[in-house]
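K.L.:
This is the structure, below, for whatever I ask next.
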Amino acid sequence: MIPLASDTETKPTEAMRRAMATAPVGDEQKGEDPTVNRLLERVCDLLGKEAALFLPGGTMCNLVALKTHTQPGDAVLADHMAHIIRAESGGSPFASGVLIEPIGSERGIFSPRALEEAYGKVRTAPWPYAPTPRLVCVEQTHNFGGGTVWTLEELRSVHDKSRELGLALHMDGARLLNAVVATGTAARQFAACVDSVWIDFTKGLGAPVGAVLAGSKDFIARARLYKHMFGGAMRQAGIVAAGCLHALDHHVERLAEDHENARRLARGLSRISGIRVLTPEPETNMVFFEIPGLPMDVPTFTAEARRRGVSLVGIGSGIRAVTHLDVSREDIDRAVAIMEEMASGK
């Protein structure tokens with residue numbers, strides 16, 4: 053199987069497994085796991101933040117961050133295609149009692165003006181009937197936008213507008229390091245624009261478990277309460293934190309290979325009659341495409357591709373393919389060949 057449905061399909065490498073097997077461990081909940089503590093120090097240094105928190109995954113990072121930033125009845129402003137709206141089972145509104153106001157955008161990157169317009173919609177009702185806008189969320193890279201990257205200039209402009217409106221700014225940084233590799237901008241430069249940020253180790257970095265949320269000491273102290281409340285406290289978590297450390301040491305620069313493979317895939321799909329590529333020049337590791345000229349719907353196409361050895365995922369009327377460390381250049385060429393055969397009816 054050529055695993056293109058998501059970069060969460062990665063498997064730990066043998067070297068990563070060895071690092072995990074030999075990691076020194078302790079009680080994470082008590083702050084006594086040396087490998088977890090080393091990971092938190094690395095991430096604080098990487099992002100230029102004062103403190104950090106190890107969590108099982110990225111959705112919990114968003115859950116904890118939004119709960120820490122807000123009070124019940126507050127409003128959170130986020131892109132209309134944001135992961136917290138479309139792919140987290142309504143967790144933050146459920147856990148935090150917040151309203152999420154969508155911001156209009158093109159491919160997930162919204163402007164200061166769009167942010168101000170969304171803020172104005174929340175504030176249209178006369179006080180005290182309107183919720184209180186409290187937080188803005190950005191996503192780097194933007195998943196459903198097609199792996200799009202917030203440039204430093206775009207992020208700084210939204211930061212400045214957020215400050216003008218009295219709003220905190222949170223970054224869902226699930227694929228932040230993809231943006232770092234794609235742009236050459238340091239992670240701490242992106243992170244300096246936001247009050248809180250997290251990075252995920254289970255996507256392109258290839259670790260089996262783990263994400264780290266970072267921010268000020270005060271923010272992380274309050275976030276720790278919700279980490280425990282939501283069941284995120286762990287024991288000998290150094291076993292999985294070691295995989296995250298290994299990923300930082302060995303799997304960051306190679307993300308460029310995934311980006312090149314995504315471009316190769318997009319070029320190959322563009323040559324197939326009946327397929328329309330929505331991201332003809334992918335910025336990072338995602339390719340979105342539609343099949344308007346083929347005599348089959350998306351579920352039929354993805355099921356047939358899987359039967360032939362390529363896993364893809366349908367997203368609405370389109371299909372997503374994601375490259376990662378378990379997908380080689382040869383895999384890309386084979387996947388294109390398989391989909392070309394499908395399109396030609398073979």
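The opening residue of the sequence shown carries number 53 in my numbering; numbering runs sequentially from there.
Every residue, glycine too, gets a C-beta built ideally from N, C-alpha and C.
Note that the structure is predicted; figures quoted are calculated from it, not measured.
#1: If you check the beta carbons only, do M264 and V116 fall under 8 angstroms apart?
#2: Is the CB-CB distance between R186 and L219 below 8 angstroms?
#3: Going along the chain, which residues of its own chain have a beta-carbon closer than 6 angstroms to the beta-carbon of G170, five neighbours each way excluded?
#4: Could you give the DSSP three-state label for I343: helix, strand or coil?
#5: Enumerate in chain order the residues of its own chain whose CB-to-CB distance from A103 is below 6 angstroms, with the five nearest sequence positions on each side excluded.
#6: Identify whether H132 lies in helix, strand or coil by the three-state DSSP scheme.
#7: Do you know offhand how far A357's Cα is from E312's?
#8: Measuring alpha carbon to alpha carbon, tell me which residue in M391, R381 and D378 is nearest T354.
#9: How many Å lie between E66 and L107 at the Cα?
#10: Alpha carbon to alpha carbon, how far is A139 from Q81? Give it in angstroms, no decimals.
#11: Taking C-alpha atoms, which residue in D212, G197, I136 and S325 lies nearest to P164?
#12: Taking C96 as part of the alpha helix (DSSP H), name the residues at either end of that continuous run.
#13: To the nearest angstrom, how far is the alpha carbon of R70 from that of K63?
#14: Rounding to the nearest angstrom, what Cα-Cα distance links Q288 and D79 in this structure?
#15: Candidates A231, V233 and G267: which alpha carbon is nearest A244's?
#16: Could you pull the DSSP bridge partners for V400 from this structure?
#17: Quick test of the definition: if touching needs 3 or more C-beta pairs under 8 angstroms, does the region 371–382 touch the region 302–319?
#18: Could you give the DSSP three-state label for T200: helix, strand or coil?
#19: Identify, in the order they occur along the chain, each residue of the same chain with its Cβ nearer than 8 angstroms to the Cβ of P124, setting aside the five sequence neighbours on each side.
#20: Please report the straight-line C-alpha distance between E191 and T237, rounded to a whole angstrom.
#21: Can you tell which of T235, P260 and G284 has its C-alpha closest to the C-alpha of E61?
#22: State the beta-bridge partners of R328 as determined by DSSP.
#23: Do D131 and H194 count as a contact pair if the criterion is CB distance below 8 angstroms?
#24: What residues match up with P183 in a beta bridge as DSSP calls it?
#25: Which residue's Cα is closest to the Cα of P180: G142, D126 and A134?
#26: If we require 3 or more residues per run, which beta strand (DSSP E) segments fall completely within the region 213–275?
#27: Please state if the CB of T254 and the CB of N109 are separated by a distance shorter than 8 angstroms.
#28: Closest to I384 by C-alpha separation, out of R360, F341 and G320, would be which residue?
#29: What are the boundary residues of the alpha helix (DSSP H) that includes E309?
#30: Just reading off the alpha helix (DSSP H) that A139 is part of, what are its end residues?
#31: So what's R290 in DSSP terms, helix, strand or just coil?
#32: Kindly give me the distance between the Cβ atoms of M53 and G361, rounded to whole angstroms, as I take these residues to be in contact under 8 angstroms.
#33: What is the DSSP secondary structure of E335, counted as helix, strand or coil?
#34: So is D97 buried or exposed if we call it buried at 16+ other beta carbons inside 10 Å?
#35: Thinking just about the alpha-carbon of each residue, which of N114, T74 and A73 is nearest to the one in I251?
#36: What residue range does the beta strand (DSSP E) around L105 cover?
P.N.:
Taking the coordinates as given:
#1: As a working note, residue 264 is residue 212 in the sequence shown. As a working note, residue 116 is residue 64 in the sequence shown. Inspection of the sequence shows that residue 264 is occupied by Val rather than by Met. The answer is no: Cβ separation not under 8 angstroms.
#2: Against the sequence shown, residue 186 aligns to sequence position 134. Against the sequence shown, residue 219 aligns to sequence position 167. Yes.
#3: Counted from its first residue, the sequence shown places residue 170 at position 118. Here residue 170 turns out to be Ala, not Gly, going by the sequence shown. So the list reads L129, E153 and I155, once near-sequence residues are dropped.
#4: In the sequence shown, the residue the question calls residue 343 occupies position 291. Of the three classes helix, strand and coil, the one that applies to I343 here is coil, per DSSP.
#5: Within the sequence shown, numbered from 1, the residue matching residue 103 stands at position 51. Correct list, in chain order: K269 and I272.
#6: Position 80 of the sequence shown holds residue 132. In the structure shown, H132 sits in coil (DSSP, three-state: anything other than H, G, I, E or B).
#7: As a working note, residue 357 is residue 305 in the sequence shown. As a working note, residue 312 is residue 260 in the sequence shown. Their backbone Cα atoms lie some 22 angstroms apart in a straight line.
#8: Indexing the sequence shown from 1 puts residue 354 at position 302. For the residues M391, R381 and D378, the minimum Cα distance to T354 belongs to M391.
#9: If you number the sequence shown from 1, residue 66 lands on position 14. If you number the sequence shown from 1, residue 107 lands on position 55. Roughly 23 angstroms separates the two Cα atoms.
#10: Position 29 of the sequence shown, counted from the first residue, corresponds to residue 81. Position 87 of the sequence shown, counted from the first residue, corresponds to residue 139. So the alpha carbons of these two residues sit roughly 28 angstroms apart.
#11: Within the sequence shown, residue 164 is the residue found at index 112, counting from 1. The option with the nearest alpha carbon to P164 is D212.
#12: Along the sequence shown, one-based indexing puts residue 96 at 44. Unbroken alpha helix (DSSP H) run through C96: P86 to L99.
#13: For this step, residue 70 is matched to residue 18 along the sequence shown. For this step, residue 63 is matched to residue 11 along the sequence shown. Distance between the alpha carbons of R70 and K63: 13 angstroms.
#14: Mapped onto the sequence shown, residue 288 falls at position 236. Mapped onto the sequence shown, residue 79 falls at position 27. In this model, Q288 and D79 are separated by some 5 angstroms (Cα to Cα).
#15: What you label residue 244 is simply residue 192 of the sequence shown in a count that begins at 1. Closest option to A244, judged by alpha-carbon separation, among A231, V233 and G267: G267.
#16: Look at the range of the chain in this structure, 53 to 398, and you will see that residue 400 is not part of it.
#17: Flag = yes, the region 371–382 and the region 302–319 touch.
#18: Locating residue 200 in the sequence shown gives position 148, counting from the first residue. In the structure shown, T200 adopts extended strand secondary structure according to DSSP, grouped into three states.
#19: Working through the sequence shown from its first residue, we reach residue 124 at position 72. Taken in chain order, the residues that qualify are S148, G149 and V150.
#20: Taking the sequence shown and counting its residues from 1, the one referred to as residue 191 is at position 139. Taking the sequence shown and counting its residues from 1, the one referred to as residue 237 is at position 185. Roughly 16 angstroms separates the two Cα atoms.
#21: As a first step, residue 61 must be located in the sequence shown, where it is residue number 9. That would be P260, whose Cα lies nearest to the Cα of E61.
#22: Residue 328 sits at position 276 when you count from the first residue of the sequence shown. In the DSSP output, where bridge partners are listed per residue, R328 has E342.
#23: The count along the sequence shown starts at 1 and reaches residue 194 at position 142. The count along the sequence shown starts at 1 and reaches residue 131 at position 79. Yes. Within cutoff.
#24: Position 131 of the sequence shown holds residue 183. Note: P183 sits in no beta bridge, so no partner.
#25: For the purposes of this step, residue 180 is taken as the residue at position 128 of the sequence shown. If we check each option's Cα against that of P180, D126 comes out closest.
#26: Taking only runs of at least 3 residues, the beta strand (DSSP E) segments lying wholly in the region 213–275 are 220–225, 248–252 and 263–267.
#27: Taking the sequence shown and counting its residues from 1, the one referred to as residue 109 is at position 57. Taking the sequence shown and counting its residues from 1, the one referred to as residue 254 is at position 202. For clarity, residue 109 is Gly in the given sequence; the question names Asn instead. Yes; because the gap between Cβ atoms is below 8 angstroms, this pair is in contact.
#28: Against the sequence shown, residue 384 aligns to sequence position 332. When each option's Cα is compared against that of I384, the closest is G320.
#29: Translated into positions along the sequence shown, residue 309 becomes position 257. First-last of the alpha helix (DSSP H) with E309: L307 to S322.
#30: The sequence position of residue 139 within the sequence shown is 87, counting from 1. Element bounds for A139: n/a, residue is neither H nor E.
#31: The count along the sequence shown starts at 1 and reaches residue 290 at position 238. The question names Arg, yet the displayed sequence has Gly at residue 290. Here G290 sits in helix by DSSP.
#32: To locate residue 53, count along the sequence shown from 1; it is residue 1. To locate residue 361, count along the sequence shown from 1; it is residue 309. Contact flag correct, Cβ pair sits at about 6 angstroms.
#33: Translated into the one-based positions of the sequence shown, residue 335 becomes position 283. For E335, the secondary structure class from DSSP, reduced to helix, strand or coil, is coil.
#34: For the purposes of this step, residue 97 is taken as the residue at position 45 of the sequence shown. The residue is exposed, with fewer than 16 neighbouring Cβ atoms inside 10 Å.
#35: Here residue 251 is taken as the residue at index 199 of the sequence shown, counted from 1. Looking from the CA of I251, the closest CA among N114, T74 and A73 belongs to N114.
#36: Here residue 105 corresponds to residue number 53 of the sequence shown, with the count starting at 1. Here the beta strand (DSSP E) through L105 covers A103 to L107.
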